[in-house]
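Count along the sequence shown from 1, add 32, and you get the number used in our numbering.
Note that the Cβ used here is the ideal one computed from N, Cα and C, for glycine as well.
Every value quoted in this text rests on a predicted model; they were computed, and no experiment measured them.
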Amino acid sequence: MKNPILSVAYAAMITMMFPLEALAQLGHRTLTTGASFLLLSPDARTTGVAEASTGLLPDANSVFTNAAKLSFAGNKGLSFS
């Protein structure tokens, strides 16, 4: 294309044909529940393993993920959140 104005016009027309792909990152992903803070993990150790704490040793924070693991806890612990 020798005319740069035509090439810009063609590029603009092609861009206008696909408006959804141009605006793909503008979706609002807000939480609509009233108590969405309850979905957060209470300790960093469980969050570090993607909240799959079944393989971790029992501690004071086991009550949030698997309360049955507390029977195997040998030491006493305290957790603040």
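Can you name, in chain order, every residue of its own chain whose Cβ lies under 8 Å from the Cβ of residue i, other than the five neighbours on each side?
i: R77; result: S85, L88, D91 and N93
i: E83; result: S73 and T97
Quick one: grab the DSSP three-state call for residue i.
i: F112; result: coil
i: A105; result: coil
Just the C-alpha distance for residue i and residue j, rounded to the nearest angstrom, thanks.
i: L71; j: T97; result: 12 Å
i: V81; j: G109; result: 20 Å
i: G66; j: S39; result: 51 Å
i: S113; j: A43; result: 54 Å
i: K101; j: M49; result: 57 Å
Less than 6 Å between C-beta atoms, sequence neighbours within five positions excluded: which residues of the same chain meet that for residue i?
i: S111; result: A92 and N93
i: D75; result: N93
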